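Notes follow once the structure below has been shown.
Protein chains in written order, with this note's numbering: chain B, 569 to 861; chain L, 569 to 861.
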């Protein structure tokens, strides 16, 4: 299929693959010889919530693959109520594409799925980037009823992407300006867009967050089984999944580098897209068995 | 003065400069057009405690300047009992060299002096790197009486650099191997070495740590006055100045990126010297007003 900008999430066509009885919507674009990078999306996010200023620079080094998990966007099926259930769909999806080895970029909920993929099928995952996420047993994960978040969700003046700007960016002039620019970039794709997620997607995913907060056995001990080189990224003012969760990932994952950004929240990767894509590319380009890059 | 390797701490001659009634020992080496990088040393450390695998790669981009604070190594004067007092000497030293603008690399105690220099003379400091250090009011700073540290200091089999290997590196095979390599590199310089610091240096510097632990007013609020782009680095298993202090720096400095390394302690910059010098160079090469690089 011809396209003016085949290496961009602004214009890459949405495709579909059947696997294990479901039909998954996805996009794949980019050039280069690097291991493909599978991107795992945040709470209620669809293919259209990936910032082209993040995906497109990463697609210059190898293929970037975005997908809608079951019941999200144009993918069939029911949204699972556990991270483990979402992980099964993600593995079915990569099997559908015939991918045997990939890198992972997991953002927020997607970072939890990435960790579970590395646990459930270690041979699949080469390196992974976990942005604004939490380990199982983490603290204060996506409590939208907190006053710091509820005030935006309850504000009738904030609808659609305007609320995302408030939730993903810090309450400073500089961060909000970066948020406005991010929202603008999400609108650059004009056709072939996903439907916006409804309340049933949010409800099931929120159930999964509550389940992920529960820890069985010694807290964070299960992270020692994840040996893949990992880059952890977060903004120090993340109200949705506070940065303390990233600290715990950096301390308990045996092979992880942590990078935090100032003056930014949940969406630090979008706010500092130039730095993030430079750091992410440098990390992914390493073929060392160790995370430091 | 001719030298086989003028751009290296292995062979750079020790020099002396008089300023404000003291005579400071220092080394300067390297080529390039970048802003000079002033390196501020750790507890009891001298010119010879700087790992050439850290200093020398940084000296390929601009001049690296190492110096002994008052009363340390071959510098005259009395070791101050406050970070503020050490900062005055550091400023006197740069005045003696006629330096109007520089970057700072502050390691441990040196990171506290770097913060104070940025406070006391903001116009001097362009960008700074704070490794394995703590803000004023930080927690658990250099408590050598803790069992995790005291067991090495009390061990008669551990003398000289052997104890440094235990204190600066994590108790894993990989980190201790990196520590042994570090110790080996410190021995590469064979002539023109500093005397090893005695107990009077340790005593005064320890008094300074205790004073630095005390906070006046709202904890960490004074960090908001430091606007210089800052890179914070630490190993997640630092027992001397725990990584939580680096977290607080990343949260309260308004313009700082934090990088943490796995499987490493106080000496993470030496253990991961390739990554550290690559990251430090990329950070220093930026001329942005913002820390992300």
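From the three backbone atoms N, C-alpha and C, an ideal C-beta is built for every residue, glycine too. Bear in mind that the values here come from a model prediction, so they are computed numbers and not experimental data.
Point to revise | Buried or exposed by the 16-neighbour rule on C-beta atoms within 10 Å, applied to residue 584(L) | key: Within the second chain, the letter at position 16 stands for residue 584(L). By the neighbour-count rule (16 or more Cβ atoms within 10 Å), residue 584(L) is not buried but exposed.
**Study point:** Proximal residues of chain B, C-beta to C-beta of residue 619(L) below 9 Å
**Key:** Here residue 619(L) corresponds to residue number 51 of the second chain, with the count starting at 1. None at all; the shortest Cβ gap to chain B is about 16 Å.
Review point. Do residue 727(L) and residue 790(L) have their C-beta atoms closer together than 9 Å?
Key: For the purposes of this step, residue 727(L) is taken as residue 159 along the second chain, with counting starting at 1. For the purposes of this step, residue 790(L) is taken as residue 222 along the second chain, with counting starting at 1. No, Cβ-Cβ distance for residue 727(L) and residue 790(L) is not below 9 Å.
Check your understanding: Would you call the region 659-671 of chain L and the region 591-608 of chain L touching, i.e. three or more CB-CB distances under 8 Å?
Key -> Yes, the region 659-671 of chain L touches the region 591-608 of chain L.
Exercise for review: Please specify which runs of the alpha helix (DSSP H), each continuous and at least 4 residues long, are wholly inside the region 628-691 of chain B, giving them in chain order.
Suggested key: 651-665 and 677-688
Point to revise | Expected contact under 8 Å - CB spacing of residue 593(L) and residue 642(L) to nearest Å | key: Reading the second chain from its first residue, position 25 is the one you call residue 593(L). Reading the second chain from its first residue, position 74 is the one you call residue 642(L). Yes, residue 593(L) and residue 642(L) are in contact; Cβ-Cβ is about 4 Å, under 8 Å.
Point to revise | Distance between residue 597(L) and residue 636(L) (C-alpha atoms, nearest Å) | key: Position 68 of the second chain, counted from the start, is the residue given in the question as residue 636(L). Position 29 of the second chain, counted from the start, is the residue given in the question as residue 597(L). Roughly 15 Å separates the two Cα atoms.
Exercise for review: Could you please give the first and the last residue of the uninterrupted beta strand (DSSP E) stretch that includes residue 726(B)?
Suggested key: Within the first chain, the letter at position 158 stands for residue 726(B). Premise fails: residue 726(B) is in no beta strand (DSSP E) and is neither H nor E.
Check your understanding: Taking 9 Å as the CB-CB cut-off, is residue 811(B) touching chain L?
Key -> In the first chain, the residue the question calls residue 811(B) occupies position 243. For residue 811(B), the answer is yes, since a Cβ of chain L falls inside 9 Å of its Cβ.
Check your understanding: Beta carbon of residue 809(L), beta carbon of residue 702(L): below 9 Å?
Key -> Residue mapping note: residue 809(L) aligns to position 241 of the second chain, counting from 1. Residue mapping note: residue 702(L) aligns to position 134 of the second chain, counting from 1. A contact, by the Cβ cut-off of 9 Å.
**Study point:** Residue(s) in a DSSP beta bridge with residue 605(L)
**Key:** Residue mapping note: residue 605(L) aligns to position 37 of the second chain, counting from 1. 632(L) and 671(L).
Review point. Between residue 855(B) and chain L, is there a C-beta pair that is closer than 9 Å?
Key: By one-based count along the first chain, residue 855(B) stands at place 287. Judged by the 9 Å Cβ criterion, residue 855(B) is not in contact with chain L.
Practice item. Compile a chain-ordered list of the residues in the region 839-853 of chain B whose CB is closer than 7 Å to at least one CB of chain L. Key: 840 and 843
Practice item. State yes or no: is the C-beta of residue 626(L) within less than 9 Å of the C-beta of residue 677(L)? Key: Translated into positions along the second chain, residue 626(L) becomes position 58. Translated into positions along the second chain, residue 677(L) becomes position 109. Taking 9 Å as the Cβ cut-off, residue 626(L) and residue 677(L) do not qualify as a contacting pair.
Point to revise | Exposure label - residue 721(B); buried when at least 16 CB within 10 Å | key: As a position in the first chain, residue 721(B) is number 153, starting the count at 1. Exposed is the call here.
Review point. Taking the Cβ atom as the reference point for each residue, do residue 817(L) and residue 847(L) lie within a distance shorter than 9 Å?
Key: Taking the first residue of the second chain as position 1, residue 817(L) is located at position 249. Taking the first residue of the second chain as position 1, residue 847(L) is located at position 279. No; because the gap between Cβ atoms is not below 9 Å, this pair is not in contact.
Exercise for review: Excluding the 5 residues preceding and the 5 following residue 696(B) in the sequence, name in chain order all residues of the same chain whose CB lies nearer than 7 Å to its CB.
Suggested key: Translated into positions along the first chain, residue 696(B) becomes position 128. Result list for residue 696(B): 671, 672, 674, 682, 686, 796 and 798, in chain order.
Review point. For residue 832(B) versus residue 803(B), is the C-beta distance shorter than 9 Å?
Key: To locate residue 832(B), count along the first chain from 1; it is residue 264. To locate residue 803(B), count along the first chain from 1; it is residue 235. Yes.
Check your understanding: residue 774(L) by DSSP, collapsed to three states: which one?
Key -> Working through the second chain from its first residue, we reach residue 774(L) at position 206. In this structure, residue 774(L) counts as helix in the three-state DSSP scheme.
Check your understanding: Taking buried to mean at least 16 other C-beta atoms within 10 Å of its own C-beta, is residue 630(B) buried or exposed?
Key -> Taking the first chain and counting its residues from 1, one reaches residue 630(B) at position 62. Classification for residue 630(B): buried.
Check your understanding: Given that a residue counts as buried once 16 or more other Cβ atoms are within 10 Å of its Cβ, and exposed if not, what is residue 857(B)?
Key -> Against the first chain, residue 857(B) aligns to sequence position 289. Burial call: exposed.
**Study point:** Simplified DSSP state of residue 548(L), which is helix, strand or coil
**Key:** The structure shown does not extend to residue 548(L), since chain L is modelled only from 569 to 861, so the question has no answer here.
Point to revise | Nearest to residue 713(L) (by Cα), restricted to the options 793(L), 735(L), 744(L) and 653(L) | key: Here residue 713(L) corresponds to residue number 145 of the second chain, with the count starting at 1. Among 793(L), 735(L), 744(L) and 653(L), the Cα nearest to that of residue 713(L) belongs to 735(L).
**Study point:** Rounded separation between residue 640(L) and residue 752(L) - CA only
**Key:** By one-based count along the second chain, residue 640(L) stands at place 72. By one-based count along the second chain, residue 752(L) stands at place 184. Spanning the two alpha carbons is a distance of roughly 22 Å.
Check your understanding: Going along the chain, which residues of its own chain have a beta-carbon closer than 7 Å to the beta-carbon of residue 783(L), five neighbours each way excluded?
Key -> Here the question's residue 783(L) lines up with position 215 in the second chain. Result list for residue 783(L): 704 and 705, in chain order.
Check your understanding: Among the residues of its own chain, which have a CB less than 6 Å from the CB of residue 840(B), if the five just before and after it don't count?
Key -> Here the question's residue 840(B) lines up with position 272 in the first chain. Same-chain partners within the cutoff: 829.
Check your understanding: Could you give the C-beta distance for residue 908(L) and residue 612(L), rounded to a whole number, given that I count them as a contact under 8 Å?
Key -> Limits of chain L in this structure are 569 at one end and 861 at the other, which puts residue 908(L) out of reach.
Practice item. Would you mind sorting residue 807(B) into buried or exposed? The rule is 16 or more other CB atoms within 10 Å of its CB. Key: As a first step, residue 807(B) must be located in the first chain, where it is residue number 239. With 16 or more other Cβ atoms within 10 Å, it is buried.
Exercise for review: Select from 579(L), 757(L) and 656(L) the residue whose C-alpha is nearest the C-alpha of residue 590(L).
Suggested key: Along the second chain, read from residue 1 onward, the residue named residue 590(L) stands at position 22. Here the closest residue by C-alpha is 656(L).
Practice item. Give a yes or no on whether 9 Å exceeds the smallest Cβ distance from residue 819(L) to chain D. Key: The structure shown has no chain D; the protein chains it does contain are B and L.
Review point. From 860(L), 861(L), 859(L) and 852(L), pick the residue whose C-alpha is nearest to that of residue 628(L); which is it?
Key: Here residue 628(L) refers to the residue found at position 60 of the second chain. The shortest C-alpha separation from residue 628(L) is found at 852(L).
Point to revise | residue 597(B): first and last residue of the uninterrupted beta strand (DSSP E) it sits in | key: The sequence position of residue 597(B) within the first chain is 29, counting from 1. Start and end: 590-597.
**Study point:** Reduced DSSP secondary structure (H/G/I, E/B, other) of residue 622(L)
**Key:** Position 54 of the second chain holds residue 622(L). In the structure shown, residue 622(L) sits in a helix (DSSP, three-state: H, G or I).
**Study point:** Helix, strand or coil at residue 712(L) [DSSP, three-state]
**Key:** Position 144 of the second chain, counting from 1, holds the residue named residue 712(L). In the structure shown, residue 712(L) adopts coil according to DSSP, grouped into three states.
Review point. Around the Cβ of residue 835(B), are there at least 16 other Cβ atoms within 10 angstroms (buried) or fewer (exposed)?
Key: The residue you call residue 835(B) lines up with position 267 of the first chain. Under this definition residue 835(B) is a buried residue.
Check your understanding: When you check each C-beta in the region 744-765 of chain L against every C-beta of chain B, which residues fall closer than 9 Å?
Key -> none
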